[in-house]
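Remarks on the structure that follows.
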Amino acid sequence: MIGLISKDFLVLQKLMRSQIPILIAMTILLTFSIGNSTYTLAVVCGFLLFSSINIFYYDDAAKWDSFAQTFPIKKKTIVKARYCSSLLTILGGILVVTILELISKIFVSRSGNGVSFVPILCVAVFLVCLLFSILFPIIYRFGPERSRIILTAIIMIPVLIFILLGKSGALDNLFASLETSGIESMIPIYCYLSVPAGIVLLLLSCLLSIRIYNQKEF
Amino acid sequence: MENDLEIRSLNKSFQNGFALKDINLTLPRGSVMGFIGQNGAGKTTTIKCILNLLHPDSGTIRIFGKEIAQNEIAVKEKIGVVFDECPLHETLSAEKAEKILSKIYQNWDSSLYQSYLKEFKLPPKRPIKEYSRGMKMKLSIACALAHHPKLLILDEATSGLDPVVRDEILEIFYNFIQDESHSILMSSHITSDLEKIADYITFIHHGKILFSSPKDQILDSFGILKCGKQNFEMLDPSEYISYRENSFGYEILVKDRYLSKKKHPDMVLDRVNLDEIMVFFVKGEK
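As you go down the protein sequences, you meet chains A and B in turn.
The opening residue of the first sequence carries number 9 in my numbering; numbering runs sequentially from there.
The opening residue of the second sequence carries number 266 in my numbering; numbering runs sequentially from there.
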């Protein structure tokens, strides 16, 4: 498994080397223009998603999967390695974002009304885990090329629904009812619980992916 | 004699209508088997079934006396595989490929891998995308040999290579089988390579094995009889495999050229090569 995990990072090395300076530049821009580096989280989430899905495309282009079947390892190990390398990528993302946040706090004074960093980080991690949990089995089932349209729909449909709800005013009503219900005070707890929830989702997704991969032919 | 590979009654069908039908194949230990056939005949499909990349509908496949499905890890530790294209990511280098593969194979031999890189003149730090086709193939072979496999499976490994590189690669395979505990299953269109190195030849056509015999026996027993129409009509159909008509007369692929020579001493009877046998089997008339 270690060989396969190291393969993922070796393949992504070049991509990461070009992305990290962009990340740092965007953090500096956002921090100094908005006074808040939390939006960097969105950039990091996008990067994590992009790089983890790209690995599937790179493997497909190299016909790596057929070659991997000739290794003395079980199919489930190949799937587990992919999930492990994705988890490690998430951990790396958390580290990068936390460092950027700490650095930005030194250089930029924040107003008191700013959103707390840790709950938002937890929610971001949950969202990334959720997307991985949905996307990976789809890619294993349909292959990277055929799953492009499905992946686009999975990402775009919730965004479109969110925009439509926002325009219709339904979201304003929802937020107002949340304020009055007192649930707002519990949001930090939900945020902290979202990380273990995300990991549980990944585990379940891994089991599904193993099942799909075991039946696959190459 | 022990067999490194035994396939019995292998069947595999696909939705597009293609099927492997009742494949039987035996590769004795210490030998080289050439696996020949047209494009789409079933060579790669058979190899994929051997490696458990495809799930057969029925039949058994034993490697080193063990069924691969039940002993996958132990068996694959001793197999080296070379496909027609280098399956390593182009952004990787030979050095990085070793970092990956050395953690996968228990018997990975780093000094052996390095010696192959030196022998093949492969720059270890250069990205694979900057390698020529011949260099990529040599790298694939280095990766396949560096973990001391007992069985080498090659699927069109020499296709698209120039004669000089092919000769170098054949030399590597020849050295590999000097150890009599090593075997090679090699699918190839380049029958001249197989005539140099193979001990056995298996011919597959439309998913069926047409023959699987020692190479020398095949090349010695088959022959091409050349005659005119009158003599052709006198021939016993059971004597030949197929014939081809041309402007000079008839060319007939006979099963036993010594017997045919005795029966038809006045007819021209030539030795045959694997290319001609393939063409007669596929395109000849019966």
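All C-beta atoms in this analysis are idealised placements derived from N, C-alpha and C, irrespective of residue type, glycine included.
Note that the structure is predicted; figures quoted are calculated from it, not measured.
Asked	Found
Between which residues of its own chain and B/Asp540 is the CB-CB distance below 6 Å, once the five residues before and five after are set aside?	Thr456
May I ask you to list the residues that DSSP assigns as paired with B/Lys331?	B/Ile328
Work out the CA separation of A/Arg154 and A/Cys31 for me, nearest whole Å.	Before going on, a small fix: residue 31 of chain A reads as Leu here, not Cys. Going by the C-alpha atoms only, they are around 30 Å apart.
Counting along the chain, where does the alpha helix (DSSP H) carrying B/Phe441 start and finish?	Pro428 to Phe441
How should B/Phe279 be labelled, buried or exposed, when 16 other C-beta atoms within 10 angstroms of its C-beta is the threshold for buried?	exposed
Tell me the rounded alpha-carbon separation between A/Ser22 and A/Ile28.	A small fix is needed here, since residue 22 of chain A is Lys in this sequence, not Ser. Distance between the alpha carbons of A/Lys22 and A/Ile28: 10 Å.
If you reduce the DSSP assignment to three classes, tell me which class B/Gly295 lands in.	coil
Can you pull the chain A residues whose beta carbon is under 9 Å from the beta carbon of B/Lys364, in chain order?	Gly11, Ser14, Lys15 and Leu18
Between B/Glu360 and chain A, is the shortest Cβ-Cβ distance under 8 Å, so that the two count as touching?	no
Contact between the stretch 282-297 of chain B and the stretch 386-401 of chain B: three or more CB pairs below 8 Å?	no
Please list the partners that A/Ser26 has in chain B, where partner means a Cβ-to-Cβ separation under 7 Å.	By Cβ distance, chain B contributes nothing, its closest Cβ being about 12 Å from A/Ser26, past 7 Å.
Tell me the DSSP bridge mates of B/Cys492?	B/Tyr515
Would you say B/Glu395 lies against chain A (beta-carbon separation less than 8 Å)?	no
Mapping the DSSP letters down to three states, classify B/Phe468 as helix, strand or coil.	strand
Terminal residues of the continuous alpha helix (DSSP H) containing A/Gly174?	Phe125 to Ser176
Does DSSP put B/Phe385 in a helix, in a strand, or in coil?	coil
Could you check how far apart the C-beta atoms of A/Leu56 and A/Val105 are, in whole angstroms? I think they sit under 8 Å.	Not a contact, Cβ separation roughly 10 Å.
So A/Tyr66 contacts chain B; which residues on that side make the cut at Cβ distance below 7 Å?	His354
Tell me the DSSP bridge mates of B/Met451?	B/Gly299 and B/Leu419
In terms of residues, what are the limits of the alpha helix (DSSP H) holding B/Ile483?	Lys480 to Ser486
Say whether the stretch 71-80 of chain A touches the stretch 305-323 of chain B, bearing in mind that this needs 3 or more beta-carbon pairs closer than 8 Å, one atom from each stretch.	yes
When DSSP labels each residue in this structure, what does B/Phe545 get in the three-state scheme?	helix
Is the separation between the beta-carbon of A/Pro152 and that of A/Ser217 shorter than 8 Å?	no
Are any of the Cβ atoms in chain B nearer than 8 Å to that of A/Pro226?	Checking the sequence, you will find Phe at residue 226 of chain A rather than Pro. Interface residue, yes.
Going by C-alpha distance, which of B/Asp521, B/His471, B/Asn538 and B/Leu490 is nearest B/Leu285?	B/His471
Got a sec? Which residues, its chain only, sit under 8 Å from A/Lys84 by beta carbon, not counting five neighbours each side?	Ile218, Tyr221 and Asn222
Compare the Cα-Cα distances from B/Ala422 to each of B/Tyr505, B/Ile272, B/Glu332 and B/Ser453 and report the closest residue.	B/Ser453
Tell me where the beta strand (DSSP E) around B/Leu270 begins and ends.	Asn268 to Ser278
Kindly indicate which residue of A/Arg25, A/Leu210, A/Ile86 and A/Ser112 has the alpha-carbon position closest to the one of A/Leu37.	A/Ser112
Three-state secondary structure (DSSP) at B/Ala463?	coil
Spatial neighbours of A/Ile158 within its chain, please: C-beta separation below 8 Å, excluding the five flanking residues on both sides.	Ile146 and Phe150
Let me confirm a value: B/Asp269 is counted as buried when at least 16 other C-beta atoms fall within 10 Å, else exposed. Which label applies?	buried
Please report the residue range of the beta strand (DSSP E) in which B/Ile535 lies.	Here residue 535 of chain B turns out to be Asp, not Ile, going by the sequence shown. First-last of the beta strand (DSSP E) with B/Asp535: Val533 to Asp535.
8 Å is my cut-off, CB to CB: does A/Ala70 come that close to chain C?	The structure shown has no chain C; the protein chains it does contain are A and B.
Since B/Tyr370 meets chain A, which of its residues come closer than 9 Å, beta carbon to beta carbon?	Gly11, Phe79 and Pro80
Can you look up A/Pro29 in the DSSP assignment and give me helix, strand or coil?	helix
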